[in-house]
């Protein structure tokens with residue numbers, strides 16, 4: 054009976070959804086994988102507890118650092134073999150936002166991510182088995198394959214001028230709806246799009262300058278793109294200008 058035990062354990066693993074996919078791998082490796090729904094549910098729980106109106110309560114999040122570290126470990130070993138485009142998009146969006154939170158916590162209290170050397174282009178993270186910087190994660194895994202300008206309203210780099218952080222995980226089943234909602238919510242916000250009727254001017258985030266080609270691939274001008282998601286359109290005859298990007302940490306205590 055003892056000699057049959059390893060085969061019995063392997064048989065049980067093959068009955069699980071993820072055991073079947075990874076049957077070719079070592080039995081011990083299969084034991085360390087969580088199911089994908091666990092990842093999204095755990096992340097949503099963490100965000101709902103610590104994100105308030107798009108900002109993060111980092112001081113409170115410090116008390117749940119272990120949960121965040123567990124999500125980081127899950128990101129590092131996440132299996133995207135056979136993943137749909139929707140799952141890849143949702144996973145990489147969540148990975149970016151979680152890794153930003155992790156880096157901020159490692160240096161907290163910090164006034165800005167600009168005070169963390171190599172935050173975007175030097176520090177490497179293991180993401181689904183690959184070593185990537187935040188810039189590489191954004192460009193190679195999201196911008197290049199998907200050509201979706203809405204992503205810029207979902208990626209949150211922990212600055213006050215960033216779009217608001219959503220208090221739920223992006224999920225494969227809902228990511229398109231979530232991105233649509235996120236774009237509408239962000240582009241209606243008076244802090245993000247500042248219409249000045251007296252000066253006949255519209256001030257917008259420098260995101261529209263840095264990633265201008267992404268927006269012009271989907272509309273004839275930046276105002277036209279913005280108006281795709283606004284209930285009250287910005288006047289296209291107004292002068293378009295950019296307000297300085299505020300890199301102060303998007304902490305709930307920030308003013």
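Residue numbers (the working numbering): 54 to 308. Each residue gets a CB set at the ideal place from its N, CA and C atoms; glycine is no exception.
| Query | Result |
| --- | --- |
| Close beta carbons around residue 108, own chain, < 6 Å, minus the five adjacent residues each side | 303, 305 |
| The segment 238 to 253 touching the segment 129 to 138, judged by at least three CB pairs closer than 8 Å | no |
| CB contact check: residue 185 to chain D, cutoff 8 Å | This model lacks chain D altogether; it includes just one protein chain. |
| Selection from 277, 129, 97, 267 that minimises the alpha carbon distance to residue 200 | 267 |
| Spatially closest choice to residue 291 from 235, 276, 216, by CA coordinates | 276 |
| Sufficient close CB pairs (3 or more, under 8 Å) joining the segment 180 to 189 to the segment 215 to 235 | no |
| Where the beta strand (DSSP E) containing residue 206 begins and where it ends | Looking at the DSSP string, residue 206 is not in any beta strand (DSSP E), and its letter there is neither H nor E. |
| Rounded separation between residue 158 and residue 296 - CA only | 28 Å |
| Residues sharing a beta bridge with residue 178, DSSP | 185 |
| Contact check, residue 155 vs residue 121, beta carbons under 8 Å | yes |
| Segment contact, 8 Å Cβ cut-off, at least three pairs: the segment 220 to 228 with the segment 86 to 104 | yes |
| Contacts around residue 206, its chain only, beta-carbon distance under 6 Å, and the 5 residues preceding and following it disregarded | 216, 235, 236, 239 |
| DSSP-derived helix/strand/coil call for residue 254 | strand |
| Cβ-Cβ separation, residue 181 to residue 131 (assumed contact under 8 Å), whole Å | 5 Å |
| Cβ distance (whole Å) where residue 166 is taken to contact residue 113 below 8 Å | Going by Cβ atoms, the distance from residue 166 to residue 113 rounds to 19 Å, so no, they are not a contact pair. |
| DSSP three-state assignment for residue 157, whether helix, strand or coil | helix |
| Pairwise C-alpha distance: residue 248 and residue 88 | The predicted model places residue 88 with a pLDDT of 49, which falls under 50 and marks its position as unreliable; any figure quoted below should be read in that light. C-alpha separation (whole angstroms): 45 Å. |
| Separation of residue 260 from residue 76, as counted between CA atoms | Because the pLDDT of residue 76 is 37, which lies under 50, any placement of that residue in the model is unreliable, and the number read from its coordinates should be weighed accordingly. Rounded to whole angstroms, residue 76 to residue 260 spans 44 Å at the Cα level. |
| Proximity winner among 164, 143, 179, 294, relative to residue 308 (alpha-carbon distances) | 164 |
| Residue nearest to residue 281 in terms of C-alpha spacing, selected from 117, 241, 293 | 241 |
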